[in-house]
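If you read the sequence shown in the working numbering, its first letter stands for residue 88, the second for the next number, and so on. Even glycine gets a Cβ: it sits at the ideal position worked out from N, Cα and C. Remember, predicted model here, so these are calculated numbers, not experimental data.
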Amino acid sequence: MTIQAEQLILAPMEGVVDALMRDLLTSINQFDLCITEFVRVVDSLVPKHVFYKTCPELHHNGYTRSGTPIRVQLLGQEPDWLAENAIRAIELGSHGIDLNFGCPAKAVNKSRGGAVLLKSPEQIHQIISSVKQAVGEQTQVSAKIRLGFEDTNLFKEIVSAVTSARADLLTVHARTKLQGYKPPAYWHFIGEASESYAIDIIANGEIWSQADAIECMKQAKTNKLMLGRGLLARPNLANVIKLNEQPMTWPQLCDLLHRYSDLELQGEKSFYYSSRMKQWLRYLKLNYPQAHAFFDQIKTMKCKVAITEVLNKIRDY
């Protein structure tokens, strides 16, 4: 009997899945929730305009245009300031609060944020406790972690810290910080946590296909998944997993790339269009040989018009 995914969440991929990509991907997939890129919290209340910049969906009651709820992610190390900013995010319309304990970026870790906190389960506990107390029982607080920093020795202690702090949801990226994004993902560690702790767990890492999703759910012993890079390589992957939809064809993908181009070129980040398109194609070419040909043609181009002209021609490849 095939395991059915119950909940699918769009991952907070820093520098990749911004509001535009959330809008695009939720328009073709039935996600249950999106997590934003992180809002960095240091030692002050972050101005409202920063929240709106990271999550413009807050102007629309915290939903994408297709109706998918958005949750703001906070990253920092000071429990009290994270709590204050969590209150602000909720007041602005965020559907719950997500706390980042998994970001592997060196710059973030040097400032005691993200995955470096995996070395300090007690600090994780204090942060979650403070945020949960601040926003109240009716507001869902989720946490995103990895299996550990350099190894998995503290994994059980970390999960225990998250659980005892009364988080409502835990997402586990099934690799350590040191392992980065190198395959494989060690889903069986999530399975051990699913069996041992009374908290809803989301499995994340190396889910590139429906077969991967099924195997992940078996090993992780959860039917709740978070999708990241696999979705960039197969844009309708969530519906492939959840609804048994056929993977997007190349002509369909071209239509999506046209929509993306139109939106990006009209937006504030149009300057980055060429680099962002090339970044996306690096993932798409894992499943579409036509994307490989497209990338080869534009890899040295910087002119936006020239890139869109190639896109117009490549649909029939």
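Contact under 8 Å by Cβ, residue i with residue j
i      : j      : result
Val126 : Phe118 : no
Leu186 : Ile214 : yes
Ile288 : Lys305 : no
Glu144 : Glu124 : no
Lys391 : Tyr359 : no
Arg233 : Gly189 : yes
Ile122 : Ile301 : no
Leu265 : Phe236 : yes
Ala285 : Ala307 : no
Ala252 : Ala221 : no
Ile115 : Met313 : no
Ile294 : Ala248 : no
Simplified DSSP assignment, three categories, for residue i
i      : result
Gly123 : In the sequence as displayed, the identity of residue 123 is Thr instead of Gly. Here Thr123 sits in strand by DSSP.
Tyr370 : helix
His146 : helix
Pro208 : helix
Ala290 : strand
Lys140 : helix
Gln94  : strand
Lys311 : strand
Leu111 : helix
Met88  : Per-residue confidence for Met88 stands at a pLDDT of 47, beneath the threshold of 50, marking its modelled position as unreliable; the derived number appears in the next sentence. Correct three-state label for Met88: coil.
Pro99  : coil
Tyr359 : helix
Ser296 : coil
Cys407 : Shown here, the chain extends from 88 to 404; a query on residue 407 therefore has no answer.
Val222 : helix
Gln384 : helix
Leu340 : helix
Tyr347 : helix
Asn326 : helix
Bridge partner(s) assigned by DSSP for residue i
i      : result
Ser198 : None, per the DSSP bridge assignment.
Asp185 : Gln160 and Ser229
Thr395 : For Thr395, which the question treats as bridged, DSSP gives no partner whatsoever.
His260 : Arg233 and Asn291
Met364 : Looking at the DSSP assignment, Met364 forms no beta bridge with any residue, so it has no partner.
Close Cβ partners of residue i (< 6 Å) along its chain, the five nearest in sequence each way excluded
i      : result
Ala254 : Ile215, Val228 and Ala230
Ser348 : Thr395
Ile385 : Ile394 and Val397
Thr250 : Tyr284 and Ile286
Val246 : Ala280 and Tyr284
Proximal residues to residue i (C-beta, below 7 Å), its chain only, five neighbours per side dropped
i      : result
Met88  : Any answer about Met88 is weak, because its pLDDT of 47 lies below 50 and its placement is not dependable; what the coordinates show is given next. Counting only Cβ-Cβ distances below 7 Å, and skipping sequence neighbours, we find nothing.
Gly292 : His260, Ala261, Arg262 and Ala272
Glu332 : Asn323 and Asn326
Gly183 : Arg158, Thr226, Gln227, Val228 and Ser229
His146 : Tyr139
Tyr375 : Trp337 and Leu340
Thr239 : Thr263 and Phe276
Nearest-angstrom Cα separation, counted from residue j out to residue i
i      : j      : result
Ala192 : Gln160 : 16 Å
Phe381 : Gly180 : 40 Å
Trp168 : Ile177 : 14 Å
Glu351 : Gln366 : 14 Å
Lys206 : Leu162 : 16 Å
Val203 : Trp274 : 21 Å
Val133 : Arg109 : 23 Å
Met364 : Leu107 : 13 Å
Pro270 : Ser296 : 14 Å
Ala98  : Val128 : 20 Å
Tyr370 : Ala320 : 5 Å
Leu318 : Ala92  : 15 Å
Val103 : Pro166 : 27 Å
Val218 : Thr141 : 20 Å
Leu344 : Asp299 : 25 Å
Thr155 : Ile328 : 17 Å
Met335 : Lys243 : 39 Å
Neighbour flag for residue i against chain D, beta carbons, 8 Å
i      : result
Lys308 : The chain labelled as chain D is not found in the depicted structure, where only one protein chain is given.
Contacting residues, own chain, Cβ-Cβ under 8 Å from residue i (five flanking each side not counted)
i      : result
Asn148 : Gly180
Asn196 : Cys190, Ala202, Val203 and Lys264
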